[in-house]
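Notes for the one structure printed next.
There are 2 protein chains.
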Amino acid sequence: MTADKPLRADARRKREALLAKAREVFDTGDFFDLRFDDFARLAGVGTGTLYRHFPTREALAEAVYHGEVAALCDRARRLQATLPASEALTAFLRGMVDHMDAHKGLARTLATLMADRSSVLAEGSRALEQAVTDLVAAAVREGAVRDDVGAGAVMMALHGIGAAHDRPDWRAEADGVITLLLAGLRRPHSDQAIAGTPSTRRDANSGTPASAGV
Amino acid sequence: MTADKPLRADARRKREALLAKAREVFDTGDFFDLRFDDFARLAGVGTGTLYRHFPTREALAEAVYHGEVAALCDRARRLQATLPASEALTAFLRGMVDHMDAHKGLARTLATLMADRSSVLAEGSRALEQAVTDLVAAAVREGAVRDDVGAGAVMMALHGIGAAHDRPDWRAEADGVITLLLAGLRRPHSDQAIAGTPSTRRDANSGTPASAGV
DNA sequence: TTGACAAATGGAGATGACCTCCATATTTTC
DNA sequence: GAAAATATGGAGGTCATCTCCATTTGTCAA
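Protein chains in written order, with the working numbering: chain D, -14 to 199; chain W, -14 to 199.
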């Protein structure tokens, strides 16, 4: 797919400088207060060069994001090889919050960029989603986790955690979300229904959207 | 707080026109492809007038959002008055997805704007959060729902649903999130722990962030 | 080493969106 | 119906974004 060309020496150097500065500025959270041109200057690079390497803010974000995702995927794989499936899942999700907490500015920035309708990042997170899918699938196979809710739902919730930066009580609430997810994923004992009735019956029906009330 | 002045007749008319057009364009999803100036023209209003009424895109969004939130809060109150607490909560959350599904473009637009670091909207959703908080609190009082996870977590997850527009299988996944939330909220039977151990013990400790993992 | 070709750089300047300002128009009040 | 108050609209200033190309830097063969 990506036929990566050998890239000349100085090009590589500048590119690296840009990425490094980007990670730094992302983490500080100052990315949006910065003129893109000024960012170039800050990284010791001309405007043209910046644009040559990263045509848009999103492209830059994507590159940074890739690193993040790769690290998380590694971690997922390591956990899956070490722990029983459901524990691996738990550890991964809990760790995810830790990670976001430690790099709040970055998570914040990425979530913001993600929300801009540039599905560029969605593409980048494909790998992450695969990792989560694997974790969930393993836990399902192990029998500890229900099989009627896909990993996509978990991804959505994670997205919510990332996007809800600037909530005053972010950490506690993020942990809360994970707790609910994990508790919710646990295979129901016998009584399928939770409480009350779903507004629309659509358990095994992913086609027709029901345009019910308000 | 907001000392609403009587507002002259023509002003009211223009304002209304702007809001109507806004709702329309939001719902179509074309809001971001539109120069703000052109939006004014589209609503049959001069640029100056647009800016007088809504100084920023976000201000406009907030106004539209207010209507949405009010409707949802009404619905929450109605449900709470009609149904047992846990059923009311279920119905509300399920209905929320229905609503987002029916007005996907609008939800999309709002979520995007929400993510731009303009906590203007966060302010606007205060009321919605209060409604959810009330629903959860009632369910807790009724004994059907755990009391160690606040409504904030639910808000986060909802935010995730809204923000994760443009997922190909959005509807099913959104339903999945709600299912997990509801199942997770159900008061645990006896075994508190879900599966495995949380990476950091912090159940009654909202202060120190643990910079663990990855 | 040197010459020649390819690749990359950087910053001056065009572009175009955003927002302000104020002369004119509309509404309200007395 | 006239004056005072309030609102309108669009021409034009401002400023971030991005393009273009003359110049510099790196690579490779002889």
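Glycine included, C-beta positions come from ideal geometry on N, C-alpha and C. All values reported here derive from a predicted model rather than from experimental measurement.
Chain-ordered chain D contacts of residue i [CB-CB under 7 Å]
| i | result |
| --- | --- |
| E43 of chain W | Simply none; closest approach about 13 Å. |
| A138 of chain W | E158, G161, V162 and L165 |
| M85 of chain W | Correct list: empty, because the minimum Cβ distance to chain D is about 11 Å. |
Chain W within 8 Å of residue i, Cβ atoms only
| i | result |
| --- | --- |
| P40 of chain D | no |
| V162 of chain D | yes |
| R37 of chain D | no |
| A168 of chain D | yes |
| G109 of chain D | no |
Simplified DSSP state of residue i, which is helix, strand or coil
| i | result |
| --- | --- |
| V117 of chain D | helix |
| V130 of chain D | strand |
| R172 of chain W | coil |
| K(-1) of chain D | helix |
| R111 of chain W | helix |
| L(-8) of chain W | coil |
| A180 of chain W | A caution first: A180 of chain W carries a pLDDT of 42, below 50, which makes its placement in the model too unreliable to give a value. |
CB contact below 8 Å: residue i versus chain D
| i | result |
| --- | --- |
| G33 of chain W | no |
| A116 of chain W | no |
| S175 of chain W | Here S175 of chain W scores only 46 on pLDDT, less than 50, and its place in the model should not be relied on; the value that follows carries that caveat. For S175 of chain W, the answer is no, since every Cβ of chain D falls outside 8 Å of its Cβ. |
Contact set between residue i and chain W, taken where Cβ atoms lie within less than 8 Å
| i | result |
| --- | --- |
| A92 of chain D | Here the premise fails: no neighbours, minimum Cβ distance about 12 Å. |
Own chain, CB closer than 8 Å to residue i, minus 5 neighbours either side, in chain order
| i | result |
| --- | --- |
| M85 of chain W | A92, I146, G147 and A159 |
| R60 of chain W | F77 and G80 |
| R(-3) of chain D | none |
| G128 of chain W | R172 |
| T13 of chain D | G90 |
| L19 of chain W | V10 and L27 |
| L68 of chain W | A76 |
Cross-chain neighbours of residue i in chain W, by beta carbon under 7 Å
| i | result |
| --- | --- |
| H51 of chain D | Those do not exist, as H51 of chain D stays about 15 Å from chain W at its closest Cβ, beyond 7 Å. |
Neighbourhood of residue i by C-beta distance below 7 Å, restricted to the same chain and skipping five residues each side
| i | result |
| --- | --- |
| L4 of chain D | A48 and V49 |
| A142 of chain W | V162 and L166 |
| C58 of chain W | A112, L113 and A116 |
| A96 of chain D | G147, A148 and H150 |
| G109 of chain D | E47, Y50, H51 and V54 |
| H88 of chain D | D12 |
| M140 of chain D | E114 and V117 |
| L74 of chain D | L120, V121 and A124 |
Contact list for residue i against chain W, beta-carbon separation under 9 Å
| i | result |
| --- | --- |
| G135 of chain D | D154, A157, E158 and G161 |
| G145 of chain D | M140, M141, A142, L143, H144, G145, I146, G147, A148, A149 and V162 |
Other residues of its chain near residue i: CB distance less than 6 Å, five sequence neighbours each side excluded
| i | result |
| --- | --- |
| A136 of chain W | V117, T118 and V121 |
| L45 of chain D | A7 and F39 |
| A28 of chain D | A2, L3 and K6 |
| L35 of chain D | A25 |
| R62 of chain D | none |
Proximity test, residue i beta-carbon vs the ligand GDP heavy atom, cut-off 7 Å
| i | result |
| --- | --- |
| D83 of chain W | The ligand GDP is absent from the structure shown, which contains no ligands of any kind. |
**Q.** Uninterrupted alpha helix (DSSP H) stretches inside the stretch 2 to 41 of chain D (no shorter than 4 residues)
**A.** Under the rule that a run must span 4 or more residues, the alpha helix (DSSP H) segments found entirely inside the stretch 2 to 41 of chain D read 21 to 27 and 32 to 38.
Q: Only counting runs of 3 or more residues, tell me where the beta strand (DSSP E) segments fall wholly within the stretch 129 to 167 of chain W, in order along the chain.
A: Correct list: empty.
Q.
Just to confirm the assignment: which complete alpha helix (DSSP H) runs, minimum length 4, are found wholly within the stretch 52 to 104 of chain D?
A. Complete alpha helix (DSSP H) runs here, min 4: 70 to 87 and 89 to 100.
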